[in-house]
Structure formats: structure tokens, C-alpha cells
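Heads up: the structure comes next, in C-alpha cells.
Protein chains: 2
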Amino acid sequence: MTHDGRRLRGSRSREAILERAVSLASVEGLDGLSLGRLAAATGTSKSGFFAHWNGKEQLQLDAVEWARRQWSEQVVGPALRAPAGVRRLFALHESRLRFYADGVLPGGCFFFTVQAEFDDRPGAVRDRVAEVMREWLEYVQRQVEQAVALSELAADVDAAQLSYEIDALGQVVVVHSRLLAGSDALVRARRAVLQRLRALCPDPSLLPED
Amino acid sequence: MTHDGRRLRGSRSREAILERAVSLASVEGLDGLSLGRLAAATGTSKSGFFAHWNGKEQLQLDAVEWARRQWSEQVVGPALRAPAGVRRLFALHESRLRFYADGVLPGGCFFFTVQAEFDDRPGAVRDRVAEVMREWLEYVQRQVEQAVALSELAADVDAAQLSYEIDALGQVVVVHSRLLAGSDALVRARRAVLQRLRALCPDPSLLPED
DNA sequence: CAACTATGCAAACGATCGGTCGTTAATGTA
DNA sequence: TACATTAACGACCGATCGTTTGCATAGTTG
């Protein structure tokens, strides 16, 4: 029972396939990715997928979950090392930019691609993607509110407004840096948020100067 | 000659097809759009397209051009009614937001969808899209520089930096407002740019208060 | 007028799409 | 040993993809 080699092997196959799926989907999209190409990329057969998932949509939903966990571990996690407040808020932004700069995913960002792909078509995938996005924005907003509670940001800061701005400046890095040769999008996204936060911060020495 | 009945009819067919193509591509993407569905949506036949274009890529390139003209006429054009300087810069941002709010395209923004779709795959379409995007950013940047030259923005403003921020705050409206129910993305994008400009403007009375 | 050109469609092409079916091999349980 | 379950595969399905071919027709040109 506990030592079922079959289930273990299946679980590892699933993980390997999902990792590839997320990686490929960051480039071609979750729907643009075809089962045939995914099979070729993982060295398995198309029909073998149906031993693990009922159909393409099920695989897509699992891929969203996999990408969410990756974002949680590689973006949100590291930022927790910074002390709560404005420093953690900025660390979160920098962590995202590092995720992009390191080229963890060949397409830059799974969620950016998938959001643009699904923002107009109804369905379970869209709903789940929207939920993950809302979670992320609310998490950023909570960091803002915590910074305000700690008096590290001005008391009249609109948390929803500020978190929208931070997310916008971070999201667009993907397309700017990939589409425009020699774009300094990463530098600009970092500086924009940094200066914005310093202007709102009673003690700017909490943040780097530049 | 210039008013050849055949060419006139063909030209009108092309325009009608391209308008539909841009509209549909704002939802499903330029590559996600299939010739079969485009034919059904325009009431023509798939094979009829090859009387006007050599293949799908040619049609895609023409669609990009059509969308560029639409953006020029419906976004850039109206902003020219505002006096040059910081007011025209803000009018440009508001004009874009109005384009989104009016729902001119069912997917919100052709270029947002297409940029996300092509930012990772090489080819003629990607190159042209990148060129149009660069043109747009440089146009915004020129408005910033003009405002500085008119002393309507502080002299030490980094034009490239500021135009990146304005574009980012505008772009993300598309996905935020469509994916998150009840999102105030339009309001936030407007306020973010307005307050940023007012803070940099020696005479804030040039701009609305809120 | 005849010759030519642009427009447009129906039918069909090979390729690929997501998905089904039946089977085999491996691993478990009784 | 006998049986059940899971993983994985090859072959194949109907649908759709972008594209080609052949043909009919309307408009232009000599």
C-alpha cells in the first residue's frame, strides 16, 4: 500500500509532464500547447496522458496548480526572508523580477501568457487562473496594509491602488524585455516601484537608494 | 484604373475581412484565429482568402497594419486636440483608457493579445508587432520630452522611465478588468498616471485634481 | 468582339488536432 | 499461483488546420 511502485512511478511521470507543460505553456500558451508536441517533448505517447488526466482541460488545470506552487516557492517564499513591512513588499517585487531575469521559464512568465490567453474565454481554466491572480493581488495588498500598520508607509496610502501599480509595473516587464531588444524594462520596473515606495515611506532608509 | 470595379470590390472585401480579423484576434490571438472561423464570421469561403493573401502570415501582417491605423485614429488622434505638453500626454493616456472602456474591440486590445502571443516566437509578424510597439513607446516618450521642454514637467524627469510606467499602467488594465470581476483597473490606471504627473508638474493646475 | 484579369467558391489535400480503444508490461494483493 | 490494478503504448477515429487545385463569373483592356 505505502510501497506501491506503480503509483510512485505514475506520480513522478505526472510531475515531469506538468513541469514540461508549464515550461512550454509559458511560451505557446496553455491552449496553444498541443498534446502531440507535449508528448514529443516528454518522450512519452499522447495516449499515455489519458492514464493520468481525463482530457486536455484537466491537464491544463493541473498545470495551473503546478505553476502556482512554483510561483509560491520561487517568488513569494524568498521574499519572506525580508522583515515584514515595506522591505518585504519591495523584496516581493524584486523576487518577481529575479524570477524573470533568471529565465526560470523559457517564456518568462506562465501566468502572464495564460492570463492574456484566457481573459476572454469562459471555462474552468479561466476561472482558476482568475482566482490565482486574485490571490496574488490580495497577497501584495496585504503586504501594503501591513507596512501601513507598521507605520512604514503613509497612513493614507490606498492599498488596492498601490498593489495595482506594483503588479502592473512588474507584469509588463515580460513583454517589454522580450519584444524590445535592449530594453531596460527590468531596471525600470525596479526603479519605478522603489521610488514610489520611498516617496511614501516616512523612513526611506529602510529601502535602498537606487 | 484607380477606380477599377474589380479592385474596388476586392479592396472592400479585404477591409471587411481585416476588420473582422482584428476584432477576433483581440480575443483569440492572431494565430489562434483560424481561417475557417474567420471565413464563417465574414460569410465568405476559406479558399477565397487566397485571392487576396498568399497565406495566413500575409493576412496577419495586414491585420497588424489595420490595427495600427485604428490605434492611430482612435487613440492618438483624439489626444491631439489637447495642447502639447503634459495635458496632451495625459490625454493620450485617457484616450487609451477610453478605447478600452468603450469596448471598441471585443477582446479589449489587439496589441496586448498579440504581443503576449508573439513575444516568444520568431517571424515576420513578431518583428512587425515589435516595431509598432516601439513606435508607440517612442511617441509617448516624445510627449514626455515635449512637456519637459515646455517646463510642464520637472527638468530631471527620465523620459524613457516615465513612458515605461505610463504604458505599463495602461496595458495591464486589459487583463485586470477582464479577469477580475468588479476590478477598478480603469480608475486605478487613470489615477496612478494622473498623480504621478501632478507630482512632477510645476503647475499641477494644468491637470485635473482627480 | 475576344483576351485577359481579378474575385470567389466547392472540393479535396496532407497534416495535425484532441480523444478512444484494445493491449501489454509491471507491480501489487490474495 | 491466480487475480487486480496501474502505467504506458500503438493504432486509429472524426474534426479541423492551412493550403492547393480547378472552375465559374464579372469587370477591364486590346
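Residue numbers (this note's numbering), protein chains in the order written: chain A, 1 to 210; chain B, 1001 to 1210. Every residue, glycine too, gets a C-beta built ideally from N, C-alpha and C. Source: prediction; values computed, not measured.
Comparing the C-beta of residue i with each C-beta of chain A, is any distance below 8 Å?
{"i": "B:TYR1139", "result": "no"}
{"i": "B:ARG1134", "result": "yes"}
{"i": "B:ASP1167", "result": "yes"}
{"i": "B:GLY1107", "result": "yes"}
{"i": "B:GLN1060", "result": "no"}
{"i": "B:VAL1027", "result": "yes"}
{"i": "B:GLN1115", "result": "yes"}
{"i": "B:ALA1192", "result": "yes"}
{"i": "B:PHE1112", "result": "yes"}
{"i": "B:GLN1143", "result": "no"}
{"i": "B:VAL1086", "result": "no"}
{"i": "B:VAL1148", "result": "no"}
{"i": "B:VAL1157", "result": "no"}
{"i": "B:ASP1210", "result": "no"}
{"i": "B:GLY1125", "result": "As written in the sequence, residue 1125 of chain B is Val, which differs from the Gly given in the question. It does not: the Cβ of B:VAL1125 has no partner Cβ on chain A nearer than 8 Å."}
{"i": "B:ASP1203", "result": "no"}
{"i": "B:VAL1064", "result": "no"}
Comparing C-alpha positions only, which one of the options sits nearest to residue i?
{"i": "B:SER1095", "options": "B:ALA1084, B:GLY1077 and B:PHE1110", "result": "B:GLY1077"}
{"i": "B:TYR1139", "options": "B:TRP1071, B:PRO1204 and B:ARG1198", "result": "B:TRP1071"}
{"i": "B:LEU1150", "options": "B:PRO1083, B:TRP1136 and B:ARG1190", "result": "B:PRO1083"}
{"i": "B:GLN1058", "options": "B:VAL1187, B:ARG1126, B:ALA1181 and B:LEU1169", "result": "B:ARG1126"}
{"i": "A:ARG178", "options": "A:SER11, A:VAL64 and A:CYS109", "result": "A:CYS109"}
{"i": "B:GLN1060", "options": "B:ARG1190, B:ALA1192, B:LEU1180 and B:VAL1129", "result": "B:VAL1129"}
{"i": "B:ARG1191", "options": "B:TRP1136, B:ILE1166 and B:PHE1050", "result": "B:ILE1166"}
{"i": "B:GLY1010", "options": "B:GLY1055, B:ARG1037, B:GLY1036 and B:PHE1050", "result": "B:PHE1050"}
{"i": "B:LEU1180", "options": "A:GLU65, A:LEU137 and A:ALA16", "result": "A:LEU137"}
{"i": "B:VAL1027", "options": "A:TRP66, A:ARG134 and A:ARG121", "result": "A:ARG121"}
{"i": "B:ALA1101", "options": "B:ARG1007, B:GLY1170 and B:ARG1012", "result": "B:GLY1170"}
{"i": "A:GLY66", "options": "A:GLU19, A:ASP4 and A:LEU8", "result": "Note on identity: in this sequence residue 66 of chain A is Trp, with Gly being the wrong assignment. Of A:GLU19, A:ASP4 and A:LEU8, the residue nearest in Cα terms is A:GLU19."}
Please go through the same chain and pick out, in chain order, the residues whose beta-carbon is closer than 6 Å to the beta-carbon of residue i, but skip the five residues on each side of it.
{"i": "B:ARG1068", "result": "VAL1132"}
{"i": "A:ALA154", "result": "LEU200"}
{"i": "B:ARG1188", "result": "none"}
{"i": "A:VAL174", "result": "GLY108, CYS109 and PHE112"}
{"i": "B:GLY1036", "result": "LYS1046"}
{"i": "B:ILE1017", "result": "THR1042"}
Can you name, in chain order, every residue of its own chain whose Cβ lies under 7 Å from the Cβ of residue i, other than the five neighbours on each side?
{"i": "B:HIS1176", "result": "SER1183 and ALA1185"}
{"i": "B:GLN1074", "result": "PHE1099 and VAL1104"}
{"i": "B:GLN1141", "result": "ALA1159, ALA1160 and SER1163"}
{"i": "A:GLY123", "result": "none"}
{"i": "A:VAL157", "result": "VAL144, VAL148 and LEU200"}
{"i": "A:SER45", "result": "ALA39"}
{"i": "B:GLU1079", "result": "The displayed chain sequence assigns Ala, not Glu, to residue 1079 of chain B. Around B:ALA1079: ARG1088, ALA1091, LEU1092 and SER1095."}
{"i": "A:ARG12", "result": "none"}
So, for residue i: in the same chain, excluding its five sequence neighbours on each side, which residues have a beta-carbon less than 8 Å away from its beta-carbon?
{"i": "B:LEU1207", "result": "VAL1086, ARG1087, PHE1090, LEU1194, LEU1197, ARG1198 and CYS1201"}
{"i": "A:ARG14", "result": "HIS52 and ASP62"}
{"i": "A:PRO204", "result": "ARG198"}
{"i": "B:VAL1172", "result": "ALA1185 and ALA1189"}
Step through the CB atoms of chain B and report whether any lies within less than 8 Å of the CB of residue i.
{"i": "A:ALA82", "result": "no"}
{"i": "A:GLU19", "result": "no"}
{"i": "A:MET1", "result": "Residue placement at A:MET1 is poorly supported in this model, since its pLDDT is 48, which falls under 50; the coordinates are not used for a value here."}
{"i": "A:TYR100", "result": "no"}
{"i": "A:ARG96", "result": "no"}
{"i": "A:ALA130", "result": "yes"}
{"i": "A:LEU179", "result": "yes"}
{"i": "A:ARG188", "result": "yes"}
Assess contact between the region 1102-1111 of chain B and the region 1017-1026 of chain B, defined as three or more Cβ pairs (one per stretch) separated by less than 8 Å. Is contact present? yes
With three or more beta-carbon pairs closer than 8 Å as the criterion, would you say the region 30-47 of chain A touches the region 115-130 of chain A? yes
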